[in-house]
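Same order as they appear, the protein sequences are chains A and B. Using the working numbering, count along the first sequence one by one with no gaps and you end on 457. Using the working numbering, count along the second sequence one by one with no gaps and you end on 479. Worksheet: one structure, shown below.
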Amino acid sequence: MSEPSKFVEQSRRKPVKVLGKSQPSMSRSGMPLFARNGTPSDYRTYEIYQRERVHEATEKIRPIALTSDEFVRDPYPILGTLRENYPCYRDWLGNAYWLTRYNQVTSVFADDANFESRSKLWFYRLPDYGRDLRDELAVQFAQEKLIDANAAPIAQHIADEFVRRGSADLALEFAARLPLELLVSTLDLPRQDFDFFVERYWRMQRGFGWNPADEQAGRIAMAELAAYFEPLLAARREKPGDDVISAIAGLQLDSGPATGEDVVVTLLEGDHETMHGALANLWFLLLTHPDQFAKVRQERRLLKFAYLEALRHSTPVLWKKRFARHEVERFGRLLPIGGLFYCAAAAANRDPWIFEDPDTFDIERRDLCQREPRGHYRSDGLAAGVALGLGKPSKHPGMPEDRPRSLYAITRDTIVTASSVLLDTAPKLRLESGAQPALGSLRLGEMHTCWNLPVRF
Amino acid sequence: MAESFADVMQRAIGSEALEGAGDLGGKADFPLMPLGEAADMGFAQDGTPFFDPRIFYSAEFRRNPWPYYRILRNHYPVYFNKLNNTYYVTRYADMTECYYDDIGFNTIPKGSSNGVLGNVTHEFSGVEHRRRRNLFGQHLVGKALEHRVPAIERLAQEMIEAFPSLDESVRKVNGNVASVELGRAFAYEFPVRVVCDVLGFPKEAQHHFFYWYDSIMSGLGASETHKQGMEARQHLEDYVADLVEERRKNPGYLYDNEGNKLGLDIISKLCASRIDGDYLSSVEITSYIALVVAGGGETTRGTIMNMWYQLLQHPDQFAAVVADDGLWDAAFHETLRHSNPIGGQPRHATFDVELHGVHIPAGSLIEMVNFSGSHDERVFENPDNFNLFRSDLYSGKLLRSGYNKGGVCSHMAFGVGPHMCPGAWISHQEATIGSRILARHLLNARVNTDMMPKDIDGVSLAPIGINKLRDLWIDYDLA
């Protein structure tokens with residue numbers, strides 16, 4: 001055999017390798033990216049999984065349906081079938097489990113002891129690339145301050161442009177643009193670099209999926225962005241401003257000063273999807289539900305509830321992948337270590353055991369919690385919508401004074417502010433006659449949102 | 001802004017994708033390529049070909065898998081398929097390492113098969129596996145197997161002698177030339193009959209056997225027939241449980257052609273076997289039998305079909321085999337190397353490991369692609385050519401190690417190491433004995449090209465790819 005030796009050394013009982021050269025990569029919650037479950041004392045050599053019996057056959061659904069084009073366009077019917085019939089569906093084809101009920105999804109999403117998320121960097125297979133600095137307080141403060149300061153002016157600027165023109169595509173020119181304009185303003189990039197940044201930022205965000213061409217484009221974009229941030233970091237280390245890059249440049253990190261790659265990873269992991277998607281879906285729902293829109297026009301304070309209801313009714317981040325850190329018994333099954341769990345927020349948010357008439361978009365619904373979810377997604381005895389991508393609900397009963405507002409609150413306030421500005425500037429905002437907008441994903445597993453929403457003013 | 005924001009988005013995402021016209025789900029159309037050439041899946045900047053995981057579900061891959069596995073072997077020896085959360089190991093040497101380390105790469109089945117197959121011996125690793133496997137596997141090798149050879153010969157002879165009475169849809173006679181469909185006439189039923197005989201199933205149970213076998217096999221992987229598969233499994237279980245109880249009281253025996261007792265049949269032997277002083281329970285025996293039922297049919301059936309199809313397309317090699325009976329072993333092994341009817345075996349990483357620079361977290365599913373290992377150019381010269389005279393394939397007595405003292409490797413179809421296919425020896429006997437007798441009967445055999453499906457050029461015969469041949473029409477002269 002021609003290739004024996006190297007492989008043997010690598011494969012045999014290799015102790016758990018922790019990613020990152022000098023410091024273990026940490027997930028959002030401060031847990032290491034991988035569970036340290038590789039100690040050779042805790043494995044079994046025999047099977048204890050119960051096989052399925054005849055009555056457990058899942059014949060109402062074929063696993064191939066979960067990768068079909070119809071599922072990408074509208075996942076709700078299939079997810080509904082799963083939720084109704086198969087609470088912890090074993091997807092043989094995708095080698096995964098699907099969780100679709102509210103209580104299951106939230107319990108797994110909140111349980112860091114037994115389940116872990118894997119970063120986008122992990123899916124990129126770039127273990128030693130950079131550090132995720134989103135948890136640094138200085139970064140969070142800079143971000144909060146600039147988003148709060150810029151949300152209204154940027155929204156105003158965009159809205160003014162529309163109204164002068166008389167028509168616009170609200171999805172692409174408002175919902176997709178606003179978060180990126182905000183991002184650029186928090187980084188305080190020169191105006192002429194906007195196009196350069198946006199293009200690479202998008203490629204980076206779409207590159208960690210299964211498509212190899214996109215993955216390469218994403219890696220190239222990351223390298224270009226890292227090279228772009230390098231001189232900016234140096235300049236702002238000398239002459240700091242109040243922006244996020246200056247905050248990163250000024251960090252005193254144990255593992256050495258921040259690099260361009262760290263900025264890139266921080267941007268990669270903290271994406272814009274929820275803000276973009278929620279903004280688009282909120283306006284899609286308002287414009288296609290005139291009765292609800294009328295209520296918001298009449299009473300502006302309902303905008304916040306409309307936003308929360310839009311997140312519940314049509315969440316842009318359909319599911320989150322979680323991996324079992326240990327063998328764990330849940331939902332009447334013994335779940336294997338390393339198992340992949342799709343926690344389908346889209347299905348949980350339309351769980352009829354939790355929300356009455358779950359398919360109806362009703363901004364005044366009384367069974368949706370209006371406060372920021374804490375702990376187990378319940379507050380005041382009511383369930384909150386599962387909005388993945390907003391970070392985990394805080395475990396603290398109250399937010400300490402010396403911390404910025406949560407991502408949840410920042411996103412909510414930004415969207416309410418921006419939408420309010422749009423309504424003020426264009427009071428006669430209406431859907432282009434004959435337009436039939438719809439929700440959809442560009443590709444399996446990506447943000448589920450409206451990509452074309454033509455309006456007149 | 002000189003450019004509108006929409007233009008920037010179109011450049012970043014692609015206008016086709018933005019209009020919802022791009023590829024959405026896990027399905028894509030790939031062009032059917034000439035054999036041995038891969039469809040264009042794009043190239044990296046350094047010239048490395050990309051690998052699009054959607055190819056696994058395409059028709060192109062099923063008929064022409066070799067060039068795609070070659071890309072994996074040469075450029076992605078450990079490939080992570082994000083579409084189905086599975087790692088693929090494709091090189092021969094790597095696979096051998098993993099197969100030998102059955103603690104690090106365990107066989108505990110969390111894959112699609114155990115739904116219908118139930119808990120079987122491959123659920124164990126290490127010492128737990130060894131003692132159970134020996135208990136059961138010893139009946140299918142060596143002396144025990146020799147005892148069964150006369151029965152195998154007799155069954156083959158009986159079936160072939162019955163050819164003239166076959167239905168018009170299976171055998172046609174035109175003057176001095178007969179056409180026979182090898183599958184329905186012989187290859188489908190023969191292995192099943194052998195397995196029934198070996199297990200000691202009563203004759204009247206054989207029609208159940210086809211029902212069990214076909215339903216269980218088609219019910220794998222949560223397909224539409226998943227439920228039927230599980231029902232069949234339940235039915236098999238109930239039947240065998242009764243049979244085992246019966247055999248505990250009245251053991252069954254095997255006989256040679258003269259009617260002398262050769263020994264107990266397998267079920268009766270298992271009834272008398274013990275682990276740690278305890279007799280096996282009916283449930284344990286049933287699960288062994290389910291494994292034999294599932295493993296003993298399709299594999300041998302596909303091998304016989306593929307072997308004849310390959311040989312008849314290489315008339316010089318076929319002539320050599322007809323002239324020298326001893327070459328059937330080489331033909332059998334070369335067929336399994338070239339056109340293995342089973343693609344690969346699943347393993348799970350017990351610990352976090354790093355293979356070829358790819359970190360595999362504990363618990364991940366790793367597919368050992370036997371099919372690709374057998375076509376590894378690091379081990380076999382011109383691996384995509386069918387050549388039973390090749391000197392780099394070991395085709396002697398089957399060895400668990402996977403290579404002989406001279407370092408010549410066997411093919412990967414049976415795997416290697418502690419979990420090597422326990423049916424390898426008996427399947428070898430079935431295929432070679434059956435084919436030897438067939439070759440004596442089918443004078444001047446050749447493929448009936450009119451009845452066989454063609455490849456994309458409309459002329460040459462369709463390749464086997466990773467399929468099993470369903471039908472094989474053979475013309476032969478009547479004496």
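For each residue, glycine too, the CB sits at the ideal point set by N, CA and C. In this text, all values refer to a predicted model and were calculated from it rather than measured experimentally.
8 Å contact criterion, which residue i and residue j should meet: CB distance rounded
i: Val292/B; j: Val195/B; result: 6 Å
i: Ala445/B; j: Leu312/B; result: 6 Å
i: Phe332/B; j: His428/B; result: 6 Å
i: Phe50/B; j: Ala59/B; result: About 20 Å separates the two Cβ atoms, so there is no contact after all.
Residue i at chain A interface by Cβ criterion, 9 Å
i: Ser401/B; result: no
i: Asp214/B; result: no
i: Leu280/B; result: no
i: Gly458/B; result: no
i: Phe5/B; result: yes
i: Asn404/B; result: no
i: Glu168/B; result: no
i: Gly20/B; result: yes
i: Met420/B; result: no
i: Ile342/B; result: no
i: Glu231/B; result: yes
CB contact check: residue i to chain B, cutoff 9 Å
i: Ser185/A; result: no
i: Tyr228/A; result: no
i: Pro40/A; result: Any answer about Pro40/A is weak, because its pLDDT of 44 lies below 50 and its placement is not dependable; what the coordinates show is given next. With 9 Å as the cut-off, Pro40/A counts as an interface residue toward chain B.
i: Ile154/A; result: no
i: Ser441/A; result: yes
i: Trp210/A; result: yes
i: Val54/A; result: yes
i: Val72/A; result: yes
i: Tyr43/A; result: yes
i: Leu340/A; result: yes
i: Ile220/A; result: yes
i: Thr58/A; result: yes
Contacts that residue i makes with chain B (C-beta to C-beta distance below 9 Å)
i: Thr100/A; result: Those do not exist, as Thr100/A stays about 16 Å from chain B at its closest Cβ, beyond 9 Å.
i: Ser68/A; result: Leu24, Gly25, Gly26, Lys27
i: Pro127/A; result: His359
Chain A residues whose Cβ lies nearer than 7 Å to that of residue i
i: Gln345/B; result: Simply none; closest approach about 15 Å.
i: Val8/B; result: Asp195, Val198, Glu199
i: Ala294/B; result: None at all; the shortest Cβ gap to chain A is about 13 Å.
i: Leu365/B; result: Asn95
i: Asn84/B; result: Leu93, Gly94, Asn95
Amino acids of chain B, ordered along the chain, whose beta-carbon sits closer than 8 Å to that of residue i
i: Ser167/A; result: Correct list: empty, because the minimum Cβ distance to chain B is about 13 Å.
i: Gln216/A; result: Ala44, Gln45, Phe50
i: Ile337/A; result: Ala362, Gly363
Enclosing beta strand (DSSP E) for residue i [first to last residue]
i: Val89/B; result: 86-89
i: Gln345/B; result: 345-349
i: His359/B; result: 358-360
i: Phe341/A; result: 340-344
i: Trp319/A; result: 319-324
Distance cut-off 8 Å: residue i Cβ against heavy atoms of the ligand HEM
i: Asp23/B; result: The ligand HEM is absent from the structure shown, which contains no ligand whatsoever.
Segment limits, alpha helix (DSSP H) that includes residue i
i: Met159/B; result: 142-161
i: Phe196/A; result: 194-206
i: Ala330/B; result: 328-338
i: Asp251/B; result: The amino acid occupying residue 251/B in the given sequence is Pro; Asp does not appear at that position. Unbroken run through Pro251/B: none, as it is neither H nor E.
i: His276/A; result: 273-288
i: Arg133/B; result: 126-137
i: Val244/A; result: 244-249
Contact list for residue i against chain A, beta-carbon separation under 8 Å
i: Leu72/B; result: Residues of chain A passing the Cβ test: none, with the nearest at roughly 12 Å.
Contact set between residue i and chain A, taken where Cβ atoms lie within less than 9 Å
i: Leu140/B; result: Chain A residues near Leu140/B: none, gap ~22 Å exceeds 9 Å.
Cβ contact (3+ pairs, closer than 8 Å) linking the stretch 402-415 of chain A and the stretch 232-249 of chain A: Judged by Cβ distances under 8 Å, the stretch 402-415 of chain A makes no contact with the stretch 232-249 of chain A, as fewer than three pairs qualify.
Stretch pair the stretch 176-194 of chain A + the stretch 142-152 of chain A: three plus CB contacts closer than 8 Å: yes
Inter-stretch contact (C-beta, 8 Å, three-pair minimum) for the stretch 293-310 of chain A and the stretch 433-452 of chain A: no
Validate contact between the stretch 223-239 of chain B and the stretch 197-215 of chain B using beta carbons, cut 8 Å, 3 pairs: yes
Inter-stretch contact (C-beta, 8 Å, three-pair minimum) for the stretch 429-436 of chain B and the stretch 358-371 of chain B: Contact fails: fewer than three Cβ-Cβ distances are below 8 Å.
Stretch pair the stretch 79-96 of chain A + the stretch 241-249 of chain B: three plus CB contacts closer than 8 Å: no
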